[in-house]
Amino acid sequence: MRPECGRRHAPLTTWPIANGTFAAMTSKTCETSQAGPPRFSQRRWFAAEQAISFLMREAVENRDVISLAAGLVDQETLPVEATREAFERLFADTSLARAALQYGTTAGAERLRVQIARHLARLERCSEEQLAIDLDQIILTTGSQQTLALIADLMLDPGDICLVAAPTYFVFLGTVNGVGARAVPVRADAHGMRMDALEETLSRLEQAGELERVKLIYVVSYYENPTGVSLAPERRRQIVDIARCWSR
87 MRPECGRRHA
97 PLTTWPIANG
107 TFAAMTSKTC
117 ETSQAGPPRF
127 SQRRWFAAEQ
137 AISFLMREAV
147 ENRDVISLAA
157 GLVDQETLPV
167 EATREAFERL
177 FADTSLARAA
187 LQYGTTAGAE
197 RLRVQIARHL
207 ARLERCSEEQ
217 LAIDLDQIIL
227 TTGSQQTLAL
237 IADLMLDPGD
247 ICLVAAPTYF
257 VFLGTVNGVG
267 ARAVPVRADA
277 HGMRMDALEE
287 TLSRLEQAGE
297 LERVKLIYVV
307 SYYENPTGVS
317 LAPERRRQIV
327 DIARCWSR
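Quick note on our numbering: the sequence shown kicks off at 87 and runs consecutively.
Below, the structure is given as structure tokens:
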């Protein structure tokens, strides 16, 4: 039997929206005392407000400030006309327009993934056959943050370790912290993450008994944020070789 509350009123159910704001809904179907604080998941407590949220808010609200931290694109370079023309061509064809507005597959539109594969081949200066990327390996997301969040959720458990170049994309550090994992920096130079530093870091973690907690080595192939460095092709191969060597 439910204990007497001493006060009869509609219960209050709350859930978070953002930045500590809560929505509330009352129900007339039962009786209870005033609800206590919401019971978040354990993972919620790993995720503090990200620094990028503050930086973006400041950049958007202060248009007269040129923010080098938030990474906003120069307004004058935004492809307004090209985007308008693309939409006009799309909506000129009713069948294409309906397909664009309808739900699609989880991986994203196949035609766009084909174009992305071709773009990657151009970046690598090789043919699509040489690139040897299957379309199933390409997934469309709403941006890098969604991609990184998916990777972190897939690969990292609380207490796991992700190796990152120093410096690296600081927003990803918040993503790693948000799943309860830890980012360990690895020295880098003008060509990206240094292989000797990577070996040293792995050796140090092995001596500390933490090697098995290493789940990821995070690097950026092209124009890493914030350095702008593109990872040298030879180093990419070396990273794969080192990862295979230490994954025993």
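Glycine included, each C-beta is placed from N, C-alpha and C at the ideal position. If you're wondering where the values come from, they're calculated on a predicted model, not measured in any experiment.
- Here DSSP, grouped into helix, strand and coil, assigns G278 to strand.
- Each of Q216, G278, L176 and I224 was checked against the Cα of Q201, and the nearest Cα belongs to I224.
- Going by DSSP, V300 is part of no alpha helix (DSSP H) but of the beta strand (DSSP E) stretching over V300 to Y304.
- In the three-state scheme derived from DSSP, where H, G and I count as helix and E and B as strand, A185 is classed as helix.
- Check the Cα spacing between L302 and each of W332, G295, A318 and D282: the tightest is with W332.
- Residue pairing of L249 in beta bridges, as defined by DSSP: V270 and I303.
- Collapsing the DSSP output to three states places N263 in a helix.
- Here T287 carries a helix assignment [DSSP, helix/strand/coil].
- Within the same chain, and ignoring the five residues on either side of M142 in sequence, the residues whose Cβ sits closer than 6 Å to its Cβ are A156.
- The shortest C-alpha to C-alpha distance from R334 to any of A318, P244 and V300 is the one to V300.
- With respect to the C-alpha of S307, the residue from E174, L297, E210 and G260 having the closest C-alpha is E210.
- For D327, the enclosing alpha helix (DSSP H) has its first and last residue at P319 to W332.
- In summary, G314 is exposed, with fewer than 16 beta-carbon neighbours lying within 10 Å of its beta-carbon over all protein chains present.
- With a beta-carbon spacing of about 10 Å, I328 and M279 fall beyond the 8 Å limit used to define contacts.
- In the three-state DSSP reduction, I224 falls in the coil class, being neither helix nor strand.
- When DSSP states are grouped into helix, strand and coil, S139 belongs to the helix group.
- In the three-state DSSP reduction, F177 falls in the helix class (H, G or I).
- Restricting attention to E285, R330 and H277, the CA atom closest to the CA of Y309 is found in H277.
- With contacts defined by Cβ atoms closer than 9 Å, L284 and V265 do not form a contacting pair.
- Residue state for A172 is assigned as helix, using DSSP reduced to three classes.
- Looking at the backbone, the Cα of L221 and that of E215 are separated by about 12 Å.
- In terms of CA proximity to A274, P312 leads the group P312, M241, T163 and P165.
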